[in-house]
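Participant: The opening position of the sequence shown corresponds to residue -16 in this note's numbering, with each subsequent residue numbered one higher.
A virtual CB, placed ideally from N, CA and C, is assigned to each residue, including glycine.
All values derive from a computational prediction rather than experimental measurement.
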Amino acid sequence: MSVSSGSPSPPHLDLTRLRVLAAVARTGSVTAAARELHYAQPSVSHHLARLEAEAGIPLLRRAGRGVCLTEAGRLLADRAEEILGRVEGARRELDALAGLRAGRARLASFPSALATLVPDAVSRLRAEHPGLSVGLVEAEPPEAVAALAAGDVDVALVFEHTDVRHARTVNDLSPFEVTPVCHEPVTLVRPAGPPGAEALGEPTLADLQDADWIAGCERCRADLVARCAAVGFVPRIAFETDDYVAVQALVAAGTGVSVLPELALRAHRNPDVRTDPLPGAARRVLALTVGAPSPPAAALVARLVAAGAEPAGARMSSGPPPG
């Protein structure tokens, strides 16, 4: 013989029917709810009737040619929105976990970051999420932005110069989501010279107005020309190359002087060049995504930020190299 406690069983509330009730409350009618949910109107009415039976209390009442919610119906509709929101949030979290187990992130990056920040970030990412794969493309900022806009990559790692009039601003990068990665100084690069030459002090751009200059990519050349113009001269550009290894080799050979950002010097440092701070000169490194990034792309951006926050002691210092 079975024994009953005498307490009624709690009602079973179906999620689909809760979604129907929430739609009726939100739209104000059965017809509008059916249209929003892409259901036939009789199907909506059936779900509401079943939900009332499950709840054990009237949820709707006739109002002219339509219906309106009872007090219980309004209460349950409010709770339904909360429940459905939590279920959707849980689904997104599960999708994120699944994406981090077997997802892929595609990155376009300029060369000096590809040789410094990116390996660190990818190493961190793969150590924490071994199932993720990362695709890498080398591209200067304009090409990286174009690839991102076309959907060919998920993240574009770019730079912008910070303190001259021609520099792009973060606002120019809309409609992209912008995440700052790091702030890198730009340094003056010249031949190392004989021992003790550093005692002569740090030169300024104006001190080198008669020198031959080695310019980099189109945006870096524009930055150099703007900086020189700000102190009253036009640089005599003898060579142009966006290869930071070649720039340093040309400087070491005595063919000219140049400016390079910190990441280029971290990627490769020629022992026969000397670097000096260029006051106020810097670049911002930014990670761009379109809208809310996928879980793998968001994870990659987070690791790029961590790599960019590397302690200053791990970076190249100014002045002549030791030894």
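Could you check whether the Cβ of Pro174 sits closer than 8 Å to any Cβ belonging to chain B?
Facilitator: Considering every chain present, this structure includes no chain B. It has just one protein chain.
Participant: Specify, as a first and last residue, the run of the beta strand (DSSP E) that Asp206 falls within.
Facilitator: No beta strand (DSSP E) holds Asp206; the alpha helix (DSSP H) holding it covers Glu201 to Ala213.
Participant: Under the three-state reduction of DSSP, which class applies to Asp259: helix, strand or coil?
Facilitator: Residue state, collapsed to three classes: strand.
Participant: Suppose the cutoff is 6 Å on Cβ atoms and the five residues either side in sequence are ignored; what does the same chain contact list for Ile197 look like?
Facilitator: Only Phe222, Val230, Leu233, Gly239 and Ser241 meet the Cβ criterion.
Participant: Between the Cα of Gly118 and the Cα atoms of Ala36, Val101, Leu248 and Val214, which residue gives the shortest distance?
Facilitator: Per the Cα distances, Val101.
Participant: In three-state DSSP terms, what is Asp225?
Facilitator: The answer is coil: DSSP assigns Asp225 none of H, G, I, E or B.
Participant: Between the region 57 to 71 and the region -1 to 10, do at least 3 Cβ pairs fall closer than 8 Å?
Facilitator: In short, these stretches touch, since the Cβ pair count reaches three.
Participant: Along the alpha helix (DSSP H) that carries Pro174, what are the first and last residues, could you check?
Facilitator: Pro174 -> not in any alpha helix (DSSP H); beta strand (DSSP E) instead, spanning Phe159 to Pro174.
Participant: Anyone know if the C-beta pair for Leu42 and Glu143 falls short of 8 Å?
Facilitator: The answer is no: Cβ separation not under 8 Å.
Participant: If I'm right that Leu283 touches Val138 with Cβ under 8 Å, what's the distance once you round it to whole angstroms?
Facilitator: 6 Å between Cβ atoms; contact.
Participant: Would Leu90 and Val128 qualify as a contact pair, given that the criterion is a beta-carbon distance under 8 Å?
Facilitator: In this structure, Val128 does not lie closer than 8 Å to Leu90 by Cβ.
Participant: If you measure from the CB of Val256, is any heavy atom of the ligand PLP nearer than 7 Å?
Facilitator: This structure lacks the ligand PLP, and indeed carries no ligand of any kind.
Participant: Do Arg44 and Val50 have their C-beta atoms within less than 8 Å of each other?
Facilitator: Against a cut-off of 8 Å, the Cβ pair of Val50 and Arg44 comes out as a contact.
Participant: May I ask which residues mark the beginning and end of the alpha helix (DSSP H) holding Glu105?
Facilitator: The residue asked about is misnamed: residue 105 is Val in this sequence, not Glu. Element bounds for Val105: Leu100 to Glu111.
Participant: Nearest CA to the CA of Asp206: which residue from Arg266, Val164, Thr224 and Asp190?
Facilitator: Of Arg266, Val164, Thr224 and Asp190, the residue nearest in Cα terms is Arg266.
Participant: Within the continuous alpha helix (DSSP H) that includes Arg45, where are the two ends?
Facilitator: That residue, Arg45, is in no alpha helix (DSSP H); its beta strand (DSSP E) goes Leu43 to Ala46.
Participant: For Thr14 and Glu35, what's the separation of their Cα atoms in angstroms?
Facilitator: The alpha-carbon atoms of Thr14 and Glu35 are separated by roughly 18 Å.
Participant: For Arg252, name the three-state secondary structure that DSSP assigns.
Facilitator: Residue state, collapsed to three classes: coil.
Participant: Tell me whether Arg219 is buried or exposed, calling it buried when 16 or more other Cβ atoms sit within 10 Å of its Cβ.
Facilitator: That one is exposed.
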